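This report concerns only the one structure given below.
2 protein chains.
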Amino acid sequence: MFQQIKTYYKTLVPAITDESWNAMEERLTVQHLKKGDFFIRKGDICRHVCFVNTGLMRLFYLEDGKEICTAFITENKFISEYASFLTNAPAAQYMEALEDCELVNLSFTNMQNLYKQYPVFEIFGRKIAEYLYLLLSKHNTILRAHTPEQRYQFLLDEEPQLIQRVPQYMIASFIGITPEHLSRIRNKR
Amino acid sequence: MFQQIKTYYKTLVPAITDESWNAMEERLTVQHLKKGDFFIRKGDICRHVCFVNTGLMRLFYLEDGKEICTAFITENKFISEYASFLTNAPAAQYMEALEDCELVNLSFTNMQNLYKQYPVFEIFGRKIAEYLYLLLSKHNTILRAHTPEQRYQFLLDEEPQLIQRVPQYMIASFIGITPEHLSRIRNKR
DNA sequence: CGTTTTCGTTAACATTTATCAATAAATAAC
DNA sequence: GTTATTTATTGATAAATGTTAACGAAAACG
């Protein structure tokens, strides 16, 4: 159940001790989501960082009744409505399972406790923040690309597997265009 | 010289000890940039996180010979080409002084040393990552707003002081439109 | 299986935004 | 202060993208 996150933890924090790992393991919880289930909704406070064991999650805004996808997260990666998690403020986004998922969750409170009890755990917290920064940074770069075609190409290069698993109209919203326009871009090739 | 960053450090890490602060202070360097000077160029490896004591810095890409601004950083805030800093990869962006600046710099190497010698310092490293995440997250939200007008309004609401200090054509590139278009948006009001 | 719903494609048309060019205004340099 | 340079505005036109609607394909469901 916790093998994947343990492996990941070890790569993030090579200085891992059995003691610190056991302390974390005790505080992890497992959650199963069916396709279409929400982990949080806009307005909720996001109190966890989630490690995706299996499945596919997404984050999205709702603007004028339209969905705007901002992230798709697959196996062995972390996801959170992290701004809400960090600031304890209501989430601006929804977090939903696009496929049946198994999540391994660590709560804000438990994370704070781990920081206090095991300073080495701070490294883990920092690595997660850094990881989520780099992920967001990549998305930012995509968004800044001049044309929709460049943005789509970027996604094809960086995350080809996503194109297979995520409905096209969600990809379109991710790169900031309509599904119709993406369809035209694809067929122009 | 280091009073501002010390104050900031204290707010980030209330558990500060004199010892850890002194250790950090010894490793800080001060740098003065004239308006128009570059801190790093694309392709350089960014080896520092910079605290802006005075002045105004920006980050920007160069795409097809055109500048695309991604951040404007003012006094008492941190700036870095952070993706390069974290991964030790060549920077994708330029970092330039838009006004004469005084920077207080902390190098990657010194930061790693501090992590090792003073575990409490990990908190500082994590807080910086979290701060830069939240900054980027805000920029992301702006970029995701549907219309350029909404993006401009968002910036007006969130960073009104920037509009005064940053040339309008840079604001335009920040929100992803041409200077001409931004001029029209402003005059429609 | 057959049925229903969701998703992707295509076309005509409307709207938004970029481009190009000219000028005015503001700022910097001498 | 005067001149040179950069920045902002405005208009005409072109290009890109969105909207609406219809239809076919694929997937989900019973």
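As they're listed, the protein sequences go chains A and B. UniProt numbering puts the first residue of the first sequence at 1, with every later residue one more than the last. UniProt numbering puts the first residue of the second sequence at 1, with every later residue one more than the last. Ideal Cβ positions, reconstructed from N, Cα and C, are used throughout, including at glycine. A quick note: this is a predicted structure, and the numbers were derived from the prediction, not measured.
Beta-carbon spacing of residue i, residue j below 8 Å
i, j, result
"residue 179 of chain A", "residue 169 of chain A", "yes"
"residue 69 of chain B", "residue 103 of chain B", "no"
"residue 31 of chain B", "residue 59 of chain B", "no"
"residue 128 of chain B", "residue 175 of chain B", "no"
"residue 25 of chain A", "residue 2 of chain A", "yes"
"residue 112 of chain B", "residue 23 of chain B", "no"
"residue 137 of chain A", "residue 67 of chain A", "no"
"residue 52 of chain A", "residue 19 of chain A", "no"
"residue 133 of chain A", "residue 132 of chain B", "yes"
Within chain A, the residues that residue i reaches when beta carbons sit closer than 9 Å
i, result
"residue 144 of chain B", "61, 63, 68, 70, 143, 176"
Under the three-state DSSP convention, the category residue i falls into
i, result
"residue 18 of chain B", "helix"
"residue 155 of chain A", "helix"
"residue 2 of chain B", "coil"
"residue 123 of chain A", "helix"
"residue 48 of chain B", "strand"
"residue 23 of chain A", "helix"
"residue 113 of chain A", "helix"
"residue 93 of chain B", "coil"
"residue 163 of chain A", "helix"
"residue 9 of chain A", "helix"
"residue 33 of chain A", "strand"
8 Å Cβ cut-off: residues of chain B touching residue i
i, result
"residue 130 of chain A", "86, 129"
"residue 92 of chain A", "141"
"residue 119 of chain A", "119, 120, 122"
Closer than 7 Å at the beta carbon, the chain B residues around residue i
i, result
"residue 83 of chain A", "134, 137"
Residue from the options whose Cα sits closest to the Cα of residue i
i, options, result
"residue 90 of chain B", "B:27, B:44, B:171, B:62", "B:44"
"residue 72 of chain A", "A:83, A:64, A:97, A:147", "A:97"
"residue 81 of chain B", "B:75, B:155, B:28, B:107", "B:107"
"residue 9 of chain B", "B:61, B:35, B:84, B:120", "B:120"
"residue 125 of chain A", "A:139, A:110, A:137", "A:110"
"residue 149 of chain A", "A:77, A:67, A:183", "A:183"
"residue 105 of chain B", "B:27, B:42, B:139, B:14", "B:27"
"residue 165 of chain A", "A:144, A:100, A:132", "A:100"
"residue 192 of chain B", "B:153, B:55, B:123", "This structure leaves residue 192 of chain B out entirely; chain B is present only between 1 and 189."
"residue 78 of chain A", "A:156, A:167, A:171, A:95", "A:95"
"residue 139 of chain B", "A:48, A:55, A:83", "A:83"
"residue 46 of chain A", "A:172, A:133, A:88", "A:88"
"residue 61 of chain B", "B:187, B:18, B:41, B:34", "B:41"
"residue 151 of chain B", "B:52, B:186, B:6", "B:186"
"residue 36 of chain B", "B:64, B:144, B:171, B:55", "B:55"
"residue 147 of chain B", "B:57, B:162, B:177", "B:177"
Partner residues on chain A for residue i, Cβ-Cβ distance less than 7 Å
i, result
"residue 125 of chain B", "126"
Closer than 7 Å: residue i CB and nearest the ligand MG heavy atom
i, result
"residue 111 of chain A", "Within the structure as shown, the ligand MG is missing, as the structure has no ligands at all."
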